[in-house]
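A.B. asks: Numbering (mature numbering (1 follows the signal peptide of the UniProt record, and there is no 0)) for the sequence shown: -43 to -1, 1 to 465. We treat Cβ as the ideally placed atom computed from N, Cα and C, and that holds for glycine.
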Amino acid sequence: LQTIAMLGLTPNGCHIQLTSDPLRWPAELLWLFVVCAFPAVQCGQNEIERHLEMGKQFLSKGQFADALTHYHAAIELDPSNYLTLYRRATVYLAMGKSKSAVPDLDRVIELKPDFTAARVQRANVLLKQGELTKAETDYKAALKADPGNGEVREKLKAIEQIRQFTRDADGLLRSRDYTGAAYYYTKAIEYCQWDARLHENRAKCYEHTGEVQKAIADFRSVSKLVPDSTEAFLTISKLYYGIGDAEESLSQIRECLKLNPDHKECFAFYKRVKKLVKMRESLSEFVQKERWMECLEKANQILRFETKVENIQLDVFRYTCKCNLHAGHINEAITMCTEVLRSGNENDLDVLCDRAEAYLVNEQFDEAIEDYQKAVNANGDSRKAKEGLEKAKRLKKQAARKDYYKILGVRRNANKREIMKAYRKLAQQWHPDNFSDEEEKKRAEKKFIDIAAAKEVLTDTEKRAQFDRGEDPLDPEQQQHGGFHNPFYGGFPFGGEGGPFSFKFHFG
């Protein structure tokens, strides 16, 4: 006060005129301090009101984060305002942050024990958390203050039902009636959505009944409800691994290590899953780059690595089905594809189409048509399946006519070297000059023409592709442009140089 008096100022900078009697200065200064400080107090109250109004507006628009910011500011200026605390609690609840809402509601009831709305709100949260005894206490207190509250009376009845549901569920779980236990846990969870124990027990039931995705969903709920969720994330990771989803398994085990980098079991499982994921990435890359033999080698490496989990193995078989097909291992391809369709998804589009293609190479046209038809039925929008079905039907029809692969005695996936080797052998065998009998010579000429035609079609990339689509490039009925092509138009050029073919054999 002496400093203020010397400067002739109040604490807020107001200029004053003091009396000449120093003994009266303390009283005069105190009075002036109150007068000049009052606007600051009023300013603080206005700021609180502004934050409350802004919070209300943002809340009405559903902008909860913005509303929360303003309620934080209002409470910082006035920590004992129970209404502001209650409003912030409602925002927390709207955001799904029940754990943050409860301390605010506790403080509200501490400041104003007769605030029934806050007590009911806290009871609702406690009920969802499975804190039945605490919720019951709050509901009874609210009912005592408001005996006509029908909603509270119904909640008290529900608590008794929930207790019975959980008793029944726990008993059935102990007796290993997992379907029955899951039913009653579900009834309890309808009221206690935030009770981690109920979710965990129901998840165990789903594991036993083979409903893995439902089990995962419940364990995910546990991971959100329990602060230290390392065990939940480890379990989720193992469940994903068990259904063959190694990538998601790796993602979940990483969440475990984020919570506890020193968790031994999580770290050990993390190393295993990471190794598998890396091998699967290589496998997929080999398929994309059409490196079929490397694909098969990597597939075998994975199968040696994981010998127990069927879904991991089935996923590998999906790749070996395709890689064997393109590597020319037709019977192996059919075996792998069949195993996937038998043990996995029987309507798997890629596997059905791959097996159908393998059947076509084996000239098992009916089986190929059946696979493509099934693919079309299950995947109606698939152009690949529709075109495959049309091709299989054409090839079946074509098989009743001239088959250039059969003429040369080669398989449909034969390469050009194999085709030329077969052609030279047959051309030497059936050359008309080898026969003196007129009937035999005529038969040989016909055979020789077919052999030459087969060689023409199968060594020409475009014509072979046309033939593989079920069209005969040398059939006049199918050639709308250019007419029929006779490979020996103008006579047999045996030893001659005229015409489109000039056969010069180099045997031995």
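Fully enclosed by the region 347 to 379, which alpha helix (DSSP H) runs are 4 residues long or longer?
C.D. replies: You should have 361 to 365.
A.B. asks: What is the DSSP secondary structure of T143, reduced to helix, strand or coil?
C.D. replies: Reduced to three states, the DSSP call for T143 is helix.
A.B. asks: Between which two residues does the alpha helix (DSSP H) holding T295 run?
C.D. replies: Note, T295: alpha helix (DSSP H), I287 to S300.
A.B. asks: In this structure, does DSSP put D432 in helix, strand or coil?
C.D. replies: D432: coil per DSSP, three-state reduction.
A.B. asks: Between which two residues does the alpha helix (DSSP H) harbouring F72 extend?
C.D. replies: Unbroken run through F72: none, as it is neither H nor E.
A.B. asks: Let's test the definition: count the other Cβ atoms within 10 Å of the Cβ of G167 and tell me whether it reaches 16, buried, or not, exposed.
C.D. replies: By the neighbour-count rule (16 or more Cβ atoms within 10 Å), G167 is not buried but exposed.
A.B. asks: Nearest to E238 by alpha carbon, out of Y276, K265 and A30?
C.D. replies: Answer by Cα proximity: Y276.
A.B. asks: My assumption, with CB atoms under 8 Å, is that E157 sits in contact with V179. Please give the rounded CB distance.
C.D. replies: Yes, E157 and V179 are in contact; Cβ-Cβ is about 5 Å, under 8 Å.
A.B. asks: Could you name the residues of the same chain whose beta carbon sits closer than 6 Å to that of T123, not counting the 5 residues immediately before and after it, in chain order?
C.D. replies: Here the set comprises A145.
A.B. asks: Is the Cβ-Cβ distance between E383 and A349 less than 8 Å?
C.D. replies: Correcting the residue type first, residue 383 is Leu in the shown sequence and not Glu. No.
A.B. asks: Touching or not, the region 190 to 198 and the region 218 to 236, by the rule of three or more beta carbon pairs under 8 Å?
C.D. replies: Contact between the region 190 to 198 and the region 218 to 236 is present, because at least three Cβ pairs lie under 8 Å.
A.B. asks: When the Cα atoms are used, what is the spatial distance from R340 to K363?
C.D. replies: One C-alpha to the other measures close to 29 Å.
A.B. asks: Count the other CB atoms, across all protein chains shown, that sit within 10 Å of the CB of E67; report buried if there are 16 or more and exposed otherwise.
C.D. replies: Looking at its Cβ environment, which holds fewer than 16 other Cβ atoms inside 10 Å, E67 is exposed.
A.B. asks: Below 8 Å, how does it come out for the region 371 to 388 and the region 407 to 417: are there three or more Cβ pairs, yes or no?
C.D. replies: Counting Cβ pairs under 8 Å, three or more are found: they touch.
A.B. asks: Is it the case that the region 91 to 109 contacts the region 123 to 139, given that we only count it when at least three CB pairs across the two stretches are under 8 Å?
C.D. replies: Contact fails: fewer than three Cβ-Cβ distances are below 8 Å.
A.B. asks: What runs of the alpha helix (DSSP H), each 4 residues or longer, lie entirely inside the region 309 to 345?
C.D. replies: Listed in chain order, they are 322 to 335.
A.B. asks: Suppose you measure from the CA of N38 to the CA of K235; what does that come to, to the nearest Å?
C.D. replies: The straight-line gap from Cα to Cα measures roughly 57 Å.
A.B. asks: May I ask which residues mark the beginning and end of the alpha helix (DSSP H) holding R426?
C.D. replies: Where R426 is concerned, there is no enclosing alpha helix (DSSP H), given that its DSSP letter is neither H nor E.
A.B. asks: For the region 248 to 261 against the region 278 to 285, do three or more pairs of beta-carbon atoms, one drawn from each stretch, fall closer than 8 Å, so that the two count as touching?
C.D. replies: Output reads yes: the region 278 to 285 touches the region 248 to 261.
A.B. asks: Return the residue from the list S55, A203 and V65 that minimises the CA-CA distance to Q150.
C.D. replies: Cα-wise, what sits closest to Q150 is S55.
A.B. asks: Going by Cα to Cα distance, which pick from D35, L62 and E33 is closest to T47?
C.D. replies: Nearest option by C-alpha distance: L62.
A.B. asks: Alpha carbon to alpha carbon, how far is Y198 from I269?
C.D. replies: If you take the alpha carbons of Y198 and I269, they lie about 8 Å apart.
A.B. asks: Within 10 angstroms of the Cβ of V(-3), are there 16 or more other Cβ atoms? Answer buried if so, exposed if not.
C.D. replies: Only weak support exists for where V(-3) lies, its pLDDT of 47 falling under 50; the value from the coordinates is given anyway. Answer is exposed; the Cβ neighbour count stays below 16.
A.B. asks: Please report the straight-line C-alpha distance between E324 and V297, rounded to a whole angstrom.
C.D. replies: Straight-line Cα distance between these residues: approximately 16 Å.
A.B. asks: What residue does the alpha helix (DSSP H) around F274 start on, and which one ends it?
C.D. replies: Per DSSP, F274 belongs to the alpha helix (DSSP H) from E267 to A284.
A.B. asks: Helix or strand or just coil, what does DSSP make of Q121?
C.D. replies: Of the three classes helix, strand and coil, the one that applies to Q121 here is helix, per DSSP.
A.B. asks: Where A22 and M11 are concerned, what is the direct C-alpha to C-alpha distance, given to the nearest angstrom?
C.D. replies: Straight-line Cα distance between these residues: approximately 12 Å.
A.B. asks: Could you tell me the boundaries of the alpha helix (DSSP H) in which V230 lies?
C.D. replies: It spans K221 to Q245 - the alpha helix (DSSP H) in which V230 sits, taken as one unbroken run.
A.B. asks: Name the two residues that bound the continuous alpha helix (DSSP H) containing Q27.
C.D. replies: Gln is not the amino acid found at residue 27; the sequence shown has His there. Unbroken alpha helix (DSSP H) run through H27: F21 to L34.
A.B. asks: Taking the alpha helix (DSSP H) that H165 falls in, what are its first and last residues?
C.D. replies: Run containing H165: A153 to T166, per the alpha helix (DSSP H) assignment.
A.B. asks: If you reduce the DSSP assignment to three classes, tell me which class Y148 lands in.
C.D. replies: Coil, per DSSP.
A.B. asks: Determine the extent of the alpha helix (DSSP H) in which Q170 is found, giving its start and end residues.
C.D. replies: V169 to L182 is the extent of the alpha helix (DSSP H) around Q170.
A.B. asks: Quick one: Cα of R211 to Cα of A225, how far?
C.D. replies: Whole-angstrom Cα-Cα distance: 11 Å.
A.B. asks: As an exercise, report each continuous alpha helix (DSSP H) stretch of at least 4 residues that is fully enclosed by the region 79 to 113, in chain order.
C.D. replies: Here the runs fully enclosed are 89 to 102.
A.B. asks: Using a Cβ-Cβ cut-off of 7 Å (strictly less than) and excluding sequence neighbours within five positions of F392, which residues of its own chain qualify?
C.D. replies: Only K398 and A401 meet the Cβ criterion.
A.B. asks: Using 8 Å as the threshold, is the C-beta distance between Y361 and L309 below it?
C.D. replies: No, they are not a contact pair.
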